[in-house]
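Before any comments, here is the structure.
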Amino acid sequence: MLRLGPALLARLARAPLRAPLRPCGAAAAGHGEEQERFVFLEYEPDAAERAAVAVAAAAPRRERELKPRRERELKLKSRRERGAAAAVPSLSDPSVPPSGLSCSGCGAELQCGDGGAPGFVPAERYRSLVSEGPAGLRGAVCQRCWALAHHGSALRLRLPPDEHRRVVSAALRRPPRHGRGPLLLYVLDVMELPDPVLPQLPALLGPDVPAAGVLVVGNKVDLLPADCRGHLGRLRQRVAAACARAGLRGAALVDIRLVSAKTGYGVEGLVSRLQRSWKCAGDVFLLGATNSGKSTLFNTLLRSDYCKSRAPDIIDRATVSPWPGTTLNLLKFPVINPTCDRIFRRQERLKEEATKTEDQLSSEEKKYLNQLKKQGYLVGRVGRTFQQQKSSAEIDFDPDTLSYSMDEDPRDAPKKLEEREGFTHNEVKDARWCFDTPGIVKEDCVLNLLTEKEVKLVLPSHAIVPRTFILKPGMVLFLAALGRIDYLEGEKPAWFSVLASNLLPVHVTTLSNADTIYEKHAGQEFLKVPMGGEERMKEFPPLVPQDITLKGIGATEAVADIKLSSAGWVAVTAHEEEELLLRAYTPKGTALVVREPPLLPYISTIRGARIPGTPAYRTKKPPSFVENLRTTGSR
21 MLRLGPALLA RLARAPLRAP LRPCGAAAAG HGEEQERFVF LEYEPDAAER AAVAVAAAAP
81 RRERELKPRR ERELKLKSRR ERGAAAAVPS LSDPSVPPSG LSCSGCGAEL QCGDGGAPGF
141 VPAERYRSLV SEGPAGLRGA VCQRCWALAH HGSALRLRLP PDEHRRVVSA ALRRPPRHGR
201 GPLLLYVLDV MELPDPVLPQ LPALLGPDVP AAGVLVVGNK VDLLPADCRG HLGRLRQRVA
261 AACARAGLRG AALVDIRLVS AKTGYGVEGL VSRLQRSWKC AGDVFLLGAT NSGKSTLFNT
321 LLRSDYCKSR APDIIDRATV SPWPGTTLNL LKFPVINPTC DRIFRRQERL KEEATKTEDQ
381 LSSEEKKYLN QLKKQGYLVG RVGRTFQQQK SSAEIDFDPD TLSYSMDEDP RDAPKKLEER
441 EGFTHNEVKD ARWCFDTPGI VKEDCVLNLL TEKEVKLVLP SHAIVPRTFI LKPGMVLFLA
501 ALGRIDYLEG EKPAWFSVLA SNLLPVHVTT LSNADTIYEK HAGQEFLKVP MGGEERMKEF
561 PPLVPQDITL KGIGATEAVA DIKLSSAGWV AVTAHEEEEL LLRAYTPKGT ALVVREPPLL
621 PYISTIRGAR IPGTPAYRTK KPPSFVENLR TTGSR
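Throughout the sequence shown, residue numbering follows my numbering, covering 21 to 655 in sequence.
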């Protein structure tokens, strides 16, 4: 047996794990099916990942050792559950009427009568909250929001397919308040262009909705890398073109703003625009498709100068989750009245903050800013000019409770139930409100076919790093098991740049091996999504093809994007006048869109050197940018 000394073991523990690159295509003959996987050397595992690899390597042996013990424990647990099943009270109680109060996370009415309906709270917990008095249920969240916020899991609800549309339509058809129709803030995911819900907006409003106008907010720009100078102006033009195709133009279209509700980019500009043009003329409704970021924008505006100063201490944040349809009813906060004095003070704050550099920020601000930089390319700092001044709290204590003898342990005083402070009548009697509404469910969307774990992998939560491959005719590109593109005919190689969640694998193989690869690895770790093996794939719809013909316009500019529903897209770049015949696949019942012109036409230029022996290029991540922070060393 070979024994290693402590010094050598320490060196091996510090050494980065490197996976060897495997050849692909003809050069991979004799290497089996592992040749389809590519490893990018830029992404070396850190210490935590190396520890996870070590644990995974020891897992099979440990699993064999623990298997008999776990089987015994499961049998005992099953006996206990069967024996105690009759003694366990029901979680629901249909005899208790609904509360009339809304969940502070999703807006559904709190109730304990139906566990499969929105707003459900287990009966025991519900009674406990009611017993605390009027403040008990105020600010409480339902079981679904609790599971989303604390466990990242979504509880299935029996919602009719058009329930979201009904709630939104009913809210918009209310009689106009303050003599003015509402302003509609339509939140659009720029990665989803052409937006599938935007053309439905006129039908949703109807002729009897006196809307004052629509301000379109292009969200999630932080996830897209800048492929060239002025890429945001081009994105804005793409959004404007989508609005024109949907019949939204002229006086009805108030403005188009590009923001990131998550990192705060563009939010201060949006607030300034709303306060200058809309002021406090009427209510504001956030509309949009599911997963467009409405609730995230609602939470960001709640902590900004757009909201009354006391509201953030009274109103809870909306529940945010990648699971579609998180918001089930209306949520709202009161809009501040932008008087001339307030606008002036706000502008002074923005000017002062724009002169700061990163070195002048506090340690907490730097830490938060660095976290946002890792999550997105475009970052903005959202502050507050008007904050409620909190009076210094008096210290209330009981000497008898605090004193204890040497033979006793100290005991904390019982906590008093704090009644949640609310708005006064004068604060809200003439208030204008900003409403968050349920998202309109997108039809023909691949997310509707996925489980909650799969949705988390598919929806990008961090800045997308483009992955570029050069393919010859007869080669195939897989995006997980959710999309496939075959390069059937062409004279020269072409570049295929994948823009999707960094967690989704991309694999390249030959046309002759593609069907075998899919049949063997769909549902497995190799293709990752869907997950669940053969049983999962039995219920998952098959991939259906669509032929696409493209003509190249240059080796540095993409001719079109092939959008594989909401799983991502592939930008195709080919030599000038080069004709390509492609065949793209998506799951049956989902939308496949050829987007011309492409969203990021020069994305193939954001790449590193070619990886020898493979069709892949090394990845490159552009730097992040903070919009309202002076660059160090600039004047």
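C-beta: ideal position from N, C-alpha, C; glycine also.
If Ala636 sits next to Phe489, beta carbons under 8 Å apart, how far is it from one beta carbon to the other, in whole angstroms? About 5 Å; that satisfies the 8 Å criterion.
Apart from the five residues on each side of it in sequence, which residues of its chain come closer than 7 Å, Cβ to Cβ, to Thr320? Same-chain partners within the cutoff: Ala281, Gly284, Val287, Val402.
Would you check if the segment 537 to 547 and the segment 608 to 620 touch, i.e. whether three or more CB-CB distances between them fall below 8 Å? Output reads no: the segment 537 to 547 does not touch the segment 608 to 620.
Rounded to whole angstroms, what's the CA-CA distance from Glu647 to His482? Just pull it up for me. The alpha-carbon atoms of Glu647 and His482 are separated by roughly 18 Å.
Evaluate Ser324 with the Cβ neighbour count: other Cβ atoms within 10 Å of its Cβ, from every protein chain shown; 16 or more gives buried, anything less gives exposed. Ser324 comes out buried.
Might you give, ordered along the chain, the residues of its own chain that have their beta carbon closer than 6 Å to the beta carbon of Leu290, omitting 5 neighbours on each side? Cβ within range, chain order: Arg277, Val279.
In the DSSP output, what is Ile490 paired with across the bridge? DSSP links Ile490 through a beta bridge to Trp515.
Three-state class that DSSP yields for Ser122 in the structure shown: Taken through DSSP and simplified to helix, strand or coil, Ser122 comes out as strand.
Only counting runs of 4 or more residues, tell me where the alpha helix (DSSP H) segments fall wholly within the segment 348 to 405, in order along the chain. As far as the segment 348 to 405 is concerned, its whole alpha helix (DSSP H) runs of at least 4 residues are 360 to 374, 383 to 395.
For Tyr206, the three-state DSSP class (helix, strand or coil): DSSP places Tyr206 in strand when its eight states are reduced to three.
Mind checking Ser122: buried by the 16 CB within 10 Å criterion, or exposed? The residue is buried, with at least 16 neighbouring Cβ atoms inside 10 Å.
Beta-carbon separation of Arg603 and Pro565 under 8 Å? Contact annotation: Arg603 and Pro565 have beta-carbon atoms nearer than 8 Å.
Cα-Cα separation between Val590 and Ser297, rounded to whole angstroms: Approximately 39 Å between the Cα atoms of the pair.
Is it right to say Lys462 is buried, meaning 16 or more other beta carbons lie within 10 angstroms of its own, or is it exposed? Within a 10 Å sphere around the beta-carbon of Lys462 sit 16 or more other beta-carbons, which makes this residue buried.
State whether the segment 567 to 576 contacts the segment 464 to 472, with contact taken as three or more CB pairs (one from each stretch) at a distance under 8 Å. The segment 567 to 576 makes no contact with the segment 464 to 472: fewer than 3 CB pairs, one atom from each, lie closer than 8 Å.
Could you check what DSSP says for Ala272 in three-state terms: helix, strand or coil? It is helical.
Asn522 to Phe516, Cα distance in whole Å? Taking C-alpha positions only, Asn522 is separated from Phe516 by approximately 16 Å.
Between Ala587, Ile460, Lys571, Gly588, which has its C-alpha nearest Ala580's C-alpha? With distances taken between Cα atoms, Ala580 lies closest to Lys571.
What distance in whole Å lies between the Cβ atoms of Ile626 and Pro480, which are believed to be in contact at a cut-off of 8 Å? In fact, because the Cβ distance is near 16 Å, the residues do not count as touching under 8 Å.
With a 10 Å radius around its C-beta and 16 neighbouring C-beta atoms as the bar for buried, classify Phe353 as buried or exposed. Counting Cβ neighbours within 10 Å, Phe353 comes out buried, since at least 16 surround it.
Skipping 5 residues on each side, what residues in its chain have a beta carbon closer than 7 Å to that of Glu577? The residues are Thr593, Pro621, Tyr622.
Backbone CA spacing between Ile460 and Arg193 [nearest angstrom]: When rounded, the distance between both Cα atoms is 16 Å.
For my contact list, Leu584 and Leu502 are in at a C-beta cut-off of 8 Å; report their separation, rounded to the angstrom. Under the criterion of beta carbons closer than 8 Å, Leu584 and Leu502 qualify as touching, at roughly 6 Å.
For Val217, which of Leu307, Ala137, Gly250, Ala272 has the nearest alpha-carbon? Val217 has its Cα closest to that of Leu307, out of Leu307, Ala137, Gly250, Ala272.
So, do the segment 254 to 271 and the segment 370 to 388 have three or more beta carbon pairs nearer to each other than 8 Å? The way I'd put it, the segment 254 to 271 doesn't touch the segment 370 to 388; fewer than three beta-carbon pairs between them come closer than 8 Å.
Measure the Cβ-Cβ separation of Val161 and Val207 and say whether it is below 8 Å. No, the Cβ-Cβ distance between Val161 and Val207 is not below 8 Å.
Based on Cα-Cα distance, which residue from Arg504, Ala191, Pro142 lies nearest to Ser112? Closest option to Ser112, Cα to Cα, is Pro142.
C-alpha gap between Val475 and Asn311, whole angstroms: Going by the C-alpha atoms only, they are around 11 Å apart.
Under a Cβ-count criterion, where at least 16 other Cβ atoms within 10 Å of its own Cβ denotes burial, should Pro117 be classed as buried or exposed? Pro117 is exposed by the Cβ-count criterion.
What does the alpha-carbon distance come out to for the pair Gly139 and Gln131? In a straight line, the C-alpha of Gly139 is about 6 Å away from that of Gln131.
According to the Cβ coordinates, are Arg452 and Asp303 closer than 8 Å? Yes.
Have a look at Gly543 and Gly553 and give me their C-alpha separation to the nearest angstrom. When rounded, the separation of the alpha-carbon atoms in Gly543 and Gly553 is 4 Å.
Among Glu378, Pro245, Pro607, Leu252, which has the Cα closest to the Cα of Glu559? Minimum Cα distance to Glu559 is reached at Pro607.
Under 8 Å between the Cβ atoms of Val234 and Ala272? Closer than 8 Å, so yes.
Please return the same chain residues whose Cβ sits closer than 6 Å to the Cβ of Arg258, not counting the five positions on each side in sequence. Counting only residues of its own chain and dropping the five nearest sequence neighbours on each side, Arg258 has a CB closer than 6 Å to the CB of Leu213.
Hey, how far is the Cα of Ala374 from the Cα of Lys314? Cα-Cα distance, rounded: 27 Å.
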